[in-house]
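Some notes on the structure that comes next.
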Amino acid sequence: MTEVNPQKVSAPEADEQARVEAAAVAPSGPGAGRLALGRITGARHLGLVVALALLAIVGLITAPETFATTSNMVSLLALAATIGVITVGMTFVIIGGGIDLSVGAIMALASVWATTLATQAYGPVVMAICAIVVGTGAGLLNGFLISYGRMVPFIATLAMLVAARGLAQRMSERRTQLVSQDNGALVELSTTRVLGLPLLVYIFAVIVALGWLILNRTTFGRRTYAVGGNPEAARLAGINVRRHTMLLYGLSGLCCGIAAVIIMARTTTGSSTHGDLYELDAIAAVIIGGTLLTGGRGTIIGSILGLLIFTVITNLFILNGLNTSDQLIAKGLIIVVAVLLQRRSLQTAT
């Protein structure tokens, strides 16, 4: 029997991986600069953990009777789960050199479509599948317009934001659609608890873990860094940049569909108002987590830490009776400071 040499079999794949990795690091400059950026990323993650701890201390001081309660922690994690799934998809898009302003509207459209009487007649599983398919389809349409229609991501996703929100309003006639009692299994994702936490929190954890694995341990992840860091170098390395960009937006839409399932479970409704300003929270979380708005750099862990910081800030505002306007002002200032610190870190690294 002829023995097959495994090195010969895997040579094309190894060669492609080498080209992709070369494209991914092409824009990074000297080796010392790359090492400096790595140290900055680690320091940023540590800084985010410290910031989160300080916010927890503030919560214990300003709202000692409510902040550390089990019900508040569960509520905080449930909110983080909804926006967090969207944040995972947004991280991929921004690392890939794009941006998605339509995530909240796509989530709303998916929730409305899944809670129509026609869809609910087929049961909770079909409702969940419907939400995911609608979200993924809208994301792929974004990607098609950007990749093959040559539209600027900001414009394409802004148009999708308006169109998806409008379609959701048209389908629901601006009314909130309730999940029927026959589809209570969907609501159980929020009410059923394992070790004190709702099932939807575990769904969020699984999505984060999968996002981390895909970004850090697969060719798709390496290609994402390459496309975001230097699209031309990625193209010369043999990557189909257009197709990959389209898939990134499809992934973002998929995350929106999953988030729609989560919010339907949490609120027992589908509504055209769901996800209002979620794009702000997701983009802010990604920026605070250290992902470059220009693409090519970023981590899932950083984005989730940024999300938790934003969620805790929102929670503190609510517990202390501060209004929504104050929350928006604070969030806007945090985004500006995060971008300025990011630019300064890059200048130091180079």
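For the sequence shown, the working numbering gives the first residue as 2, with consecutive numbering after it. Think of the CB as a built atom: it goes at the ideal place given N, C-alpha and C, for glycine as much as any other residue.
* Asked: What's the C-alpha gap between Thr292 and Gln182?
  -> Start at 1 with the first residue of the sequence shown, and residue 292 comes out as number 291. Start at 1 with the first residue of the sequence shown, and residue 182 comes out as number 181. The straight-line gap from Cα to Cα measures roughly 42 Å.
* State the beta-bridge partners of Val195 as determined by DSSP. => Stepping through the sequence shown from its first residue, residue 195 is reached at position 194. Paired residue(s): Leu198.
* Asked: Considering only residues of the same chain and omitting the five flanking positions on each side of Leu308, which have a CB-CB separation below 7 Å?
  -> As a first step, residue 308 is located in the sequence shown; it is residue number 307 there, counting from the start. Excluding sequence neighbours, Leu308 sits near Ala81, Ile84, Gly85, Thr88, Ala286.
* Between Pro65 and the rest of its own chain, which residues show a CB-CB distance below 7 Å, the 5 nearest in sequence each way excluded? -> In the sequence shown, the residue the question calls residue 65 occupies position 64. Counting only Cβ-Cβ distances below 7 Å, and skipping sequence neighbours, we find nothing.
* **Neighbour-count burial assignment, Ala119, 16 or more Cβ in a 10 Å radius** => On the sequence shown, position 118 is the one that residue 119 refers to. Exposed, because fewer than 16 other Cβ atoms sit within 10 Å of the Cβ of Ala119.
* To do: For Gly116, name the three-state secondary structure that DSSP assigns.
  => As a first step, residue 116 is located in the sequence shown; it is residue number 115 there, counting from the start. Reading off the sequence, residue 116 comes out as Thr, not Gly. Reduced to three states, the DSSP call for Thr116 is coil.
* Asked: Between the Cα of Ile208 and the Cα atoms of Ala260, His46, Leu53, Gly48, which residue gives the shortest distance?
  -> Residue mapping note: residue 208 aligns to position 207 of the sequence shown, counting from 1. Residue Ala260 is the option with its Cα nearest to Ile208.
* Asked: Considering only C-alpha positions, which residue in the set Val242, Ala234, Leu77 is nearest to Phe221?
  -> Taking the first residue of the sequence shown as position 1, residue 221 is located at position 220. Nearest of Val242, Ala234, Leu77 to Phe221, Cα basis: Val242.
* Asked: To which residues of the same chain is Gly32 closer than 6 Å at the C-beta, ignoring the five residues directly before and after it?
  -> Reading the sequence shown from its first residue, position 31 is the one you call residue 32. Bear in mind that the predicted position of Gly32 carries a pLDDT of just 46, short of 50, making it too unreliable to give a figure here.
* Asked: Under the rule that 16 or more other beta-carbon atoms within 10 Å means buried, what is Arg223, buried or exposed?
  -> By 1-based counting over the sequence shown, the position of residue 223 is 222. When all chains shown are included, Arg223 counts as buried.
* By DSSP, does Gly167 sit in helix, in strand, or in coil? -> Against the sequence shown, residue 167 aligns to sequence position 166. Looking at Gly167 - three-state DSSP - the assignment turns out to be helix.
* To do: Just confirm the distance between the C-beta atoms of Gly230 and Ile301, as a whole number of angstroms; I'd bet it's less than 8 Å.
  => For this step, residue 230 is matched to residue 229 along the sequence shown. For this step, residue 301 is matched to residue 300 along the sequence shown. Contact doesn't hold; Cβ gap of about 17 Å is too wide.
* Proximity winner among Ala111, Gly185, Leu53, relative to Gly124 (alpha-carbon distances) -> Taking the first residue of the sequence shown as position 1, residue 124 is located at position 123. Minimum Cα distance to Gly124 is reached at Gly185.
* How is the alpha helix (DSSP H) around Asn316 delimited, first residue to last? -> Numbered from 1 along the sequence shown, position 315 holds the residue referred to as residue 316. Unbroken alpha helix (DSSP H) run through Asn316: 301-320.
* Asked: Do the CB positions of Val340 and Ile288 come within less than 8 Å of each other?
  -> Within the sequence shown, numbered from 1, the residue matching residue 340 stands at position 339. Within the sequence shown, numbered from 1, the residue matching residue 288 stands at position 287. Their beta carbons are under 8 Å apart, which means Val340 touches Ile288 by this criterion.
* Member of Gly136, Pro199, Val337 whose CA lies at the smallest distance from the CA of Ser76 -> Start at 1 with the first residue of the sequence shown, and residue 76 comes out as number 75. The option with the nearest alpha carbon to Ser76 is Pro199.
* To do: Identify every residue that forms a DSSP beta bridge with Leu179.
  => By 1-based counting over the sequence shown, the position of residue 179 is 178. DSSP lists Thr270 as partners of Leu179.
* Asked: Nearest-angstrom Cα distance between His245 and Val59?
  -> Translated into the one-based positions of the sequence shown, residue 245 becomes position 244. Translated into the one-based positions of the sequence shown, residue 59 becomes position 58. Looking at the two C-alpha atoms, the distance is approximately 43 Å.
* Asked: Roughly how many angstroms separate the alpha carbons of Ala266 and Ser191, rounded to a whole number?
  -> Taking the sequence shown and counting its residues from 1, the one referred to as residue 266 is at position 265. Taking the sequence shown and counting its residues from 1, the one referred to as residue 191 is at position 190. Distance between the alpha carbons of Ala266 and Ser191: 5 Å.
* What are the boundary residues of the alpha helix (DSSP H) that includes Leu278? -> Against the sequence shown, residue 278 aligns to sequence position 277. Premise fails: Leu278 is in no alpha helix (DSSP H) and is neither H nor E.
* Asked: Out of curiosity, what's the CA-to-CA distance linking Leu102 and Leu159?
  -> Working through the sequence shown from its first residue, we reach residue 102 at position 101. Working through the sequence shown from its first residue, we reach residue 159 at position 158. Those two C-alpha atoms are separated by around 6 Å.
* Put Ile215 into one of helix, strand or coil per three-state DSSP. => Locating residue 215 in the sequence shown gives position 214, counting from the first residue. The answer is helix: DSSP assigns Ile215 an H, G or I state.
* **Inter-residue spacing [alpha-carbon to alpha-carbon] between Arg236 and Gly136** => Numbered from its first residue, the sequence shown carries residue 236 at position 235. Numbered from its first residue, the sequence shown carries residue 136 at position 135. So the alpha carbons of these two residues sit roughly 28 Å apart.
* **Span separating the alpha-carbon of Val134 from that of Arg344** => On the sequence shown, position 133 is the one that residue 134 refers to. On the sequence shown, position 343 is the one that residue 344 refers to. So the two alpha carbons sit approximately 38 Å from each other.
* Alpha carbon to alpha carbon, what distance is there between Arg218 and Asn6? -> The count along the sequence shown starts at 1 and reaches residue 6 at position 5. The count along the sequence shown starts at 1 and reaches residue 218 at position 217. With a pLDDT of only 49 at Asn6, under 50, the local geometry of the prediction cannot be trusted, and the value read off the model is given with reservation. C-alpha separation (whole angstroms): 25 Å.
* To do: Determine the burial state of Leu323: buried for a count of at least 16 other Cβ atoms within 10 Å of its Cβ, exposed for fewer.
  => Translated into positions along the sequence shown, residue 323 becomes position 322. So Leu323 counts as exposed.
* Should Thr3 be labelled buried (16 or more other beta-carbon atoms within 10 Å of its own) or exposed? -> As a position in the sequence shown, residue 3 is number 2, starting the count at 1. In this prediction, Thr3 scores a pLDDT of 46, lower than 50, which makes its location untrustworthy; no coordinate-derived value is stated.
* **Proximal residues to Thr63 (C-beta, below 6 Å), its chain only, five neighbours per side dropped** => Looking up residue 63 in the sequence shown gives position 62. So the qualifying residues of the chain are Asn321.
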